[in-house]
Structure formats: C-alpha cells, structure tokens
Amino acid sequence: MDIFDIFLLEAVLNGLLLGGLLALLSLGLNLIFGVIDVVWICYAELIMCGMYAVYYLYVVYHWPLLLAMPCAIGIVALLGVLLHQFVIRPVLTAEPINQLLVTGGVLFFLQAAATLVFGIEFKNLGVALPSIVVGEMSFSASRLVAFCVALAGVLALYFFLKRSYLGIAIRAISQDRAIMPLMGVSPARIFVITSALGGALAGLAACLLVLQYDTHPAIGLSFGPITFLICVLGGLGNMVGGFIAAFLFAQFISVGGFFFALEWGYVFSFIFFIAMMFWRPQGILGGK
Amino acid sequence: MLSLEHVSAGYAGFQALFDVSLEVKAGEAVAVIGPNGAGKTTLLRVISKLIDPTAGEIRMEGGALTAVPAHEVIARGIAHVPENRRLFPRLTVEENLKMGSFVPSARKKYTENIELVYKHFPRLKERRMQLAGTLSGGEQQMCAIGRALMSGPRLLLLDEPSAGLAPVVVQSIFELVRRICTEGYTVLIVEQNIRQVLKVVKRAYLLEAGRIVLTGSANELLDSKEIQKTYLGL
Chain A
1 MDIFDIFLLE
11 AVLNGLLLGG
21 LLALLSLGLN
31 LIFGVIDVVW
41 ICYAELIMCG
51 MYAVYYLYVV
61 YHWPLLLAMP
71 CAIGIVALLG
81 VLLHQFVIRP
91 VLTAEPINQL
101 LVTGGVLFFL
111 QAAATLVFGI
121 EFKNLGVALP
131 SIVVGEMSFS
141 ASRLVAFCVA
151 LAGVLALYFF
161 LKRSYLGIAI
171 RAISQDRAIM
181 PLMGVSPARI
191 FVITSALGGA
201 LAGLAACLLV
211 LQYDTHPAIG
221 LSFGPITFLI
231 CVLGGLGNMV
241 GGFIAAFLFA
251 QFISVGGFFF
261 ALEWGYVFSF
271 IFFIAMMFWR
281 PQGILGGK
Chain B
289 MLSLEHVSAG
299 YAGFQALFDV
309 SLEVKAGEAV
319 AVIGPNGAGK
329 TTLLRVISKL
339 IDPTAGEIRM
349 EGGALTAVPA
359 HEVIARGIAH
369 VPENRRLFPR
379 LTVEENLKMG
389 SFVPSARKKY
399 TENIELVYKH
409 FPRLKERRMQ
419 LAGTLSGGEQ
429 QMCAIGRALM
439 SGPRLLLLDE
449 PSAGLAPVVV
459 QSIFELVRRI
469 CTEGYTVLIV
479 EQNIRQVLKV
489 VKRAYLLEAG
499 RIVLTGSANE
509 LLDSKEIQKT
519 YLGL
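Protein sequences appear in the order of chains A and B. Take the first sequence: its position 191, counting from 1, is numbered 191 in my numbering, and each next residue is one higher. Take the second sequence: its position 125, counting from 1, is numbered 413 in my numbering, and each next residue is one higher.
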C-alpha cells in the first residue's frame with residue numbers, strides 16, 4: 001500500500017474518533033431542544049464548569065480521577081437543573097428570542113464567573129495518555145477513550161429513550177405537551193429530569209475533553225459554535241441527525257486538515273455547513 | 289362514582305360552564321350530548337383537571353378532585369380519551385399504549401393490560417410496531433381508547449369518539465363503545481352524534497351553552513319533542 005494512503009486512512013480514522021466526541025457534544029443540546037424546545041446557548045459553558053470540576057477535584061483535592069469524573073457529571077447535572085428552574089422556567093412560554101437572550105446571558109455570566117473564581121490561566125490535568133501506534137499510523141489514546149465512552153453514552157441514552165417509561169415520556173412530551181397530564185405525567189417533572197440528563201451529558205463531555213485540552217474560562221468558545229452547527233446541520237432536536245452530522249463534520253475537519261492544514265479543515269466544514277443550509281435549511285433529518 | 293356539584297369553569301375572559309351538576313353511578317354509561325360549542329369538551333377537561341373549576345365541587349368515589357393536580361387524576365381511576373384522539377404520532381402503537389400505563393399502579397399490570405387491549409383490538413396487535421401517526425382514523429381511535437384502558441381505569445371519559453371518522457367506521461366505534469360499557473367500565477361519553485350515542489348509553493344530559501337543560505333516560509331523550517326537533521331533524 002502506498003504510504004500516502006496510510007496517512008489518509010489515519011486521518012479518516014482520527015476523524016471517526018473525533019466524530020464520536022462531537023456526537024456526544026451535540027447530544028445533550030439536541031435532547032434539551034427536542035424536549036423542552038429551548039436552546040441552551042450556554043451549553044459549552046456548562047461543559048467548561050465540568051472541566052473545572054474534574055480539575056479541582058483531581059488536581060487540587062487529590063481525589064482519584066475515576067471518582068472525580070462521576071462527581072463532576074453530577075455537578076453539571078445539578079447545574080442543568082438549576083439552569084432550568086431559575087432561568088428557563090420563567091421564560092418557558094416567552095418568545096424564542098428572549099429564551100436565547102437569557103441563556104446567552106448565562107453564557108457570559110459563567111465565563112465571567114469562571115474568570116473571577118478560577119483565573120485566566122490554562123489548567124492542565126497532567127494526565128497524559130500514550131499514543132497508540134498501529135503500523136505507521138498513530139492515534140491518541142485519550143481520543144480513543146473519548147470515542148468509546150461517547151459511543152457508550154449515545155447507546156445508553158438511545159436505549160433509555162427507547163425502552164424505559166421515563167424515556168418514552170421524554171419523547172412523547174415533545175410531540176404533545178398538553179395531554180401529558182392525562183397519562184399521569186407531570187410535564188414540569190419531566191423537564192427537570194431532562195435538564196439533569198442534558199447536564200449529565202455535558203458533564204460526560206467535560207470528562208472526555210479535559211483529558212485532551214487545557215481548561216480556561218473561554219474554552220467553551222472553541223467547541224460551543226461547532227456543537228450548534230452540528231445540531232443545526234442534523235436538524236435541531238433530531239438526535240439521529242445530529243449523530244450523522246457529527247461524523248460528517250469530523251471527517252471534513254480531519255481529512256481537510258490532512259490535505260491542507262488543520263485550520264483549513266474547519267474552513268471546509270463551515271463551507272459545507274453553509275452549502276447544506278442552502279440545500280436543506282431544516283437539517284439533514286429535520287422535519288418541515 | 290363521579291359527581292359534579294354546581295361546577296362553573298372557563299378560559300381567560302370566557303365562561304364555558306355554568307352551574308353544572310351531574311352524576312355517574314358505578315357501572316353506568318352516561319352521555320352528555322349537545323351542539324358544537326356547548327361546553328362538552330370543557331366538561332371533560334374539568335373532570336380530568338386539565339382546567340380548574342372556578343366554582344363547585346367534583347368528587348370521584350367520595351374523594352374531592354377539586355384540588356388534585358391534573359397528572360394525579362389518573363391515579364384516582366379516571367382515564368380520559370381526549371378530543372381528536374391526541375396520540376403521540378411519532379411513537380409506535382405499543383409505545384403509545386405503554387404511555388397509558390405510566391402511573392406506578394398500572395406499570396405492575398402492564399403485561400396483563402396490554403393483553404386485554406390486544407384482545408379487544410386485534411388490529412392494534414398487528415400494527416404494534418407501526419407509528420401511531422400512520423394509522424387510519426378508526427385505528428387511531430382504537431389506539432386512543434386502548435391507551436386509556438392501559439391505566440386500568442374505573443371511569444372512562446370519552447370525548448367525541450366518532451368525530452372525523454367515516455360513517456362506516458363510526459358504526460364500528462359505537463359498537464366498540466357499547467362493548468366497553470358492557471365490560472363493567474363506567475363510561476361518561478360526550479357526543480354530537482346524538483342518535484347513535486343514545487342507543488348505547490342508559491342516561492344522558494343535554495348541555496346547551498354551558499348549562500344542563502335536560503336530563504333523563506336515553507329513551508326519554510329520544511322521545512323528547514325538543515331533541516327530536518332540534519337535533520334529530522324529525
């Protein structure tokens with residue numbers, strides 16, 4: 001096999017690994033939008049909070065990493081609930097633009113609060129997983145771990161939504177909110193549970209990102225926008241669409257980065273996004 | 289079993305029910321008939337607490353429902369088949385039925401209840417993996433009634449089960465309602481299709497402009513001059 005092909009294959013496989021992580025990132029946001037019909041603009045900032053939680057528990061308080069991570073997931077799940085109860089609930093029936101503005105406000109609040117409390121320096125977990133070398137290709141182990149955990153998270157959520165009473169109620173409520181009480185379901189309670197779930201997914205993403213990236217107050221800006229683009233490309237609120245879009249995006253970034261430079265990968269993926277928006281503004285699998 | 293005493297209710301700036309009193313005894317099938325806009329749907333929505341009464345008292349088996357939140361009414365033994373069926377279109381038939389048994393007491397009896405529903409509606413069993421939105425109108429009505437039966441109710445509220453269905457399907461739906469009434473369920477049914485529904489129930493109330501204006505046995509109402517002239521076109 002030509003050496004050129006090996007490195008292309010490496011780029012494709014790396015794109016696949018990145019795709020799993022991006023799919024997980026888009027999942028929580030899609031879940032919240034699909035069920036509650038509100039966009040958490042501050043979603044990436046919740047992830048930032050989770051990254052800080054892992055960092056502080058592990059580095060500062062010397063907790064074992066495998067204890068710090070579930071705890072961080074719990075913290076972000078709680079943040080999701082607080083966000084819903086105190087910010088979203090009062091504007092649940094308000095104009096969409098007002099809902100965007102309040103969650104956008106939370107974005108700046110969390111960024112500023114993180115700067116005040118944690119400072120602007122980059123915090124590194126100091127955990128370096130080795131590279132895995134297969135023939136002439138090399139992959140980062142933390143990416144492989146992220147891919148596997150992300151995929152497991154996606155599958156777990158899928159079966160939860162497909163099989164459990166609560167999961168079916170979460171899907172049902174997005175189809176007909178008004179008659180849920182006739183099923184004995186309190187919509188307010190489902191919204192709180194969904195918010196906790198969305199928060200927990202953000203927390204899980206935080207645990208995987210903190211292995212690969214340094215934490216700083218503006219880290220949300222480096223993957224928040226791409227998360228939104230993936231959700232919109234897949235069809236906002238459509239989790240399967242988001243899943244497909246995540247892998248498409250990741251290939252553009254990875255393979256585009258292989259042929260040119262990494263930055264060009266992002267340029268290509270955004271060009272692809274814009275072109276798709278002309279062709280299918282409702283997203284790959286979006287309705288209407 | 290169910291009683292309403294002097295119940296008034298409405299929506300913001302609009303009163304739909306005025307001083308309504310009615311009673312449904314255990315094992316009875318009772319209809320509320322009346323023209324479009326009389327407040328029939330509102331009446332059922334008040335009973336299942338989707339809207340709160342502004343005055344009066346609602347009781348189910350002796351317990352007051354007036355202060356019970358909507359999502360706890362089903363645990364009191366009341367299942368409501370809403371107007372226009374309101375299935376979850378992108379859930380399968382079986383998932384819709386599963387939603388009907390969401391309350392803890394019904395979850396324990398899920399297998400038993402779903403077998404019962406499939407026995408009543410073999411068609412639903414054939415289509416159990418199909419999305420509810422792709423069913424025909426009659427099948428959707430079956431699914432909606434089946435979903436309500438999944439909670440193991442003692443009182444079934446049916447809101448216009450024949451609305452929007454083809455005449456031949458209407459026949460079979462009323463046949464179904466008749467069967468449910470004889471199965472020991474207590475039924476309160478709201479209908480515009482007066483001639484048909486009076487053949488199925490024992491007693492009925494005539495609701496006009498939010499007030500009960502006439503009540504009696506089904507036969508009395510069928511014979512009543514007023515009903516014959518206004519509603520049956522005789």
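Ideal placement from N, C-alpha and C gives every residue a C-beta, glycine not left out.
- Nearest CB-CB separation between A363/B and chain A: below the 8 Å threshold.
- When C-beta atoms of the stretch 39–54 of chain A are compared with those of the stretch 168–184 of chain A, fewer than three pairs fall below 8 Å, so the two segments do not count as touching.
- Per DSSP, the beta bridge partners of V134/A are M137/A.
- K386/B belongs to the set of residues whose beta carbon lies under 8 Å from a beta carbon in chain A.
- The continuous stretches of beta strand (DSSP E) do not include A506/B, which lies in the alpha helix (DSSP H) extending over residues A506 to D511.
- Per DSSP, M348/B is one residue of the beta strand (DSSP E) stretching across A343 to M348.
- Taking C-beta atoms as the reference points, N401/B and M438/B count as a pair closer than 8 Å.
- Annotation for R491/B: the continuous beta strand (DSSP E) segment containing it runs R491 to E496.
- By the C-beta criterion, the stretch 205–219 of chain A is judged to be in contact with the stretch 19–29 of chain A, since at least 3 inter-stretch pairs fall below 8 Å.
- Along the stretch 379–412 of chain B, going in chain order, the ones with a CB nearer than 7 Å to a CB of chain A are L379, E383, K386, M387, G388, F390, V391 and R395.
- Residue pairing by DSSP puts E293/B in a beta bridge opposite E345/B.
- Per DSSP, the unbroken alpha helix (DSSP H) holding F108/A starts and ends at P96 to F118.
- Per DSSP, the unbroken beta strand (DSSP E) holding Q303/B starts and ends at F302 to V312.
- Think of a sphere of 9 Å around the beta carbon of D37/A: no beta carbon from chain B falls inside it, the nearest being about 15 Å out.
- Comparing C-alpha distances from H62/A to each of V127/A, R163/A, R189/A and S138/A shows the shortest one belongs to V127/A.
- Judged by DSSP in its simplified three-state form, R415/B adopts coil rather than helix or strand.
- In chain order, R374 and F376 make up the part of chain B whose C-beta sits under 7 Å from the C-beta of D176/A.
- In the DSSP assignment, L464/B falls within the alpha helix (DSSP H) that extends over P455 to T470.
- Around the beta carbon of H294/B, a 10 Å sphere encloses fewer than 16 other beta carbons of the protein chains shown; the residue is thus reported as exposed.
- Between G34/A and the set L17/A, F191/A, L151/A and I132/A, the nearest pair of CA atoms involves F191/A.
- Proximity of H359/B to chain A, defined by a Cβ-Cβ separation below 8 Å, is satisfied.
- One finds H359 in chain B with Cβ atoms closer than 7 Å to the Cβ of S186/A, taken in chain order.
- Here A156/A is exposed. Its C-beta has fewer than 16 other C-beta atoms within 10 Å.
- Proximity of chain A to P370/B at the Cβ level (cut-off 7 Å) is accounted for by I179 and L182, in chain order.
- Annotation: Cβ neighbours of R171/A in chain B (cutoff 7 Å, chain order): L379.
- Nearest neighbour of G298/B by Cα position, chosen from G325/B, T380/B and L443/B, turns out to be G325/B.
- Scanning L502/B, E403/B, P455/B and S460/B for the CA closest to the CA of R435/B turns up E403/B.
- The beta carbon of L423/B does not come within 8 Å of any beta carbon belonging to chain A, so the residue lies off that interface.
- Contacts between S505/B and chain A, judged by CB atoms closer than 8 Å, are missing: the closest CB pair is about 30 Å apart.
- Leaving aside the five residues that flank N124/A on each side, the residues in its chain whose CB is nearer than 6 Å to its CB run, in chain order, D214.
- The secondary-structure analysis by DSSP pairs Y299/B across a beta bridge with F302/B.
- Sequence-distant Cβ neighbours of V81/A in its own chain, meaning closer than 8 Å and more than five residues away, are V192, S195, A196 and G199.
- Annotation: V478/B is outside any alpha helix (DSSP H); the continuous beta strand (DSSP E) that includes it extends over T474 to E479.
- In this structure, the alpha-carbon of A150/A lies about 47 Å from that of L443/B.
- Listed along chain A, the residues sitting closer than 9 Å to L338/B by beta-carbon distance are A178, I179, P181 and L182.
- Put simply, the CB of Y165/A is near chain B, with a gap under 8 Å to one of its CB atoms.
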